[in-house]
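**Q**
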Amino acid sequence: MSRRSSALTRGRGRFIFFCLTPAFVLYVVFMVIPTVDVFRMSLFQWTGFTGTARFIGFDNFIALAGDTQFLRSMQNTLLLLVVVTIVTMAAALVIAALLMNPRVKARNFYRFVLYLPSVLSIVVVAAIFSAVYDQQSGLLNNFLSTIGLGHLTQVWLGNESIIMYSIAIAMLWQSIGYYVLLYLAGMSSIPADVYEAASIDGSGPVRTFFTITLPLVWSTLRTTLTFFIISSINLAFVLVRALTDGGPNGSSDVLLNYMYRQAYTNSSYGYGMAIGVVIFVFSFVLALIINRATKREVYQF
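The letter at position 133 of the sequence shown is residue 138 when you use our numbering, and the numbering goes up by one with no holes.
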C-alpha cells in the first residue's frame, strides 16, 4: 500500500471516529446508563426520590412472582400482543395486496382513509372510542339496536370479560393503516415482470400472493413485526391509561400501566423498577424469538 493510500485510510478512519463519537456518547449517557440504573434501583425498597432507599436484594422480584395483579397485567399484555399483532399484520398484508391491484378504483383515497388514524394522538383515539363504546349514546350500541341486534349491546369498557378485546379493536383501528403503507412500499418494488410471468403460467391471485408477494416482502414483514410488537407495549400503555386506567378492578391493566401505578401512585419506586426490568427482559427475549422464528432465506429480484 502506498504512503498516499495509507494517509487516505487513516484520514477516513479519523473522520468516521469523529462523526460516530458524539452519537456513541449520547447513547451511553441517555440509554445505557439509565437502563443500568433501573436494574440498580430494582434492588431497593424505595418510596421515591425524597424517600430513603434500603437495599433488599431480589425481594422485589420474589414479590412479583406472587403478585396476582402483576400476573394479570402480564396476561393482558400477552393477549393484546398476540391478537393485535396477528390481525394487524395479516390485515395489512391483504389490504396492501388488494390495493396493488390496478383494477381497484380510488386507491389513493383508500390509502388516505386507512392512514388517517395513524397520525392521530393516542389520547384522541381513546376519546373517539370512549364515545363509540358509550353505553347509552355510543355509536356501537346504537348501531346494533338499529339493525335488530339489541341483545348484543354491551358495557364495552365495563365488562371484565370483553374489555381487553374492546381495547384491542381500538389498537387495530389506529395501527393497520401505517403498516398497509409500509407493505405497499415493499410490494411496489417488486418488478411487474414477475407478476406477468405468474399470470402467463396461470397463477391465480391467492397463489400469486403466497408464492410471489409474501416471499418477496418477507424482509419487510420481519422488520415490521419486531417493531410492531415492541412498540405495541408502549401503545397499549398509553391507550389503557387514557381509556380505562386499568379498570374495572384491574381487569384491563397492562404491564407498563401497572408499573406506572406502583412507582408514581403507590410510591413503591423500587417495586416499579423491578417491573421495568421484567418488561425490559420480556421485550428483549420476545425480539430474539421473533428474529429466530422468522429467519429464512431472503429472495432477490
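C-beta atoms are modelled at their ideal positions from N, C-alpha and C, and glycine is treated no differently. This one's a predicted model, so the numbers in the text were calculated from it and none came from an experiment.
CA-CA distance, Ser272 and Gln140?
**A** 34 Å
**Q** Assuming Gln50 contacts Gly275 (C-beta within less than 8 Å), just tell me the rounded distance between them.
**A** 5 Å
**Q** Is it buried or exposed for Val33, if we count other Cβ within 10 angstroms and need 16 for buried?
**A** exposed
**Q** By how many angstroms is the C-alpha of Pro220 removed from the C-alpha of Ala197?
**A** In this structure, the CA atom of Ala197 is about 15 Å from the CA atom of Pro220.
**Q** By Cβ distance, which residues of its chain are closer than 6 Å to Asn262, with the 5 residues on each side in sequence left out?
**A** For Asn262, same chain residues with a beta-carbon under 6 Å away, outside a window of 5 residues either side, are Phe242, Val245, Arg246 and Gly251 in chain order.
**Q** As an exercise, report each continuous beta strand (DSSP E) stretch of at least 3 residues that is fully enclosed by the region 222-249, in chain order.
**A** none
**Q** Can you find at least 3 beta carbon pairs, one from the region 127-145 and one from the region 159-174, that sit closer than 8 Å?
**A** Yes, they touch.
**Q** Indicate the three-state DSSP secondary structure (helix, strand or coil) for Gln267 in the structure shown.
**A** Taken through DSSP and simplified to helix, strand or coil, Gln267 comes out as helix.
**Q** Under DSSP, the alpha helix (DSSP H) around Phe117 begins and ends at which residues?
**A** Arg112 to Tyr120
**Q** Between the alpha carbons of Cys24 and Val43, how many angstroms are there, rounded?
**A** 29 Å
**Q** In the DSSP assignment, what are the bridge partners of Phe49?
**A** Phe60
**Q** By the three-class DSSP mapping on this structure, what secondary structure does Trp178 have?
**A** Reduced to three states, the DSSP call for Trp178 is helix.
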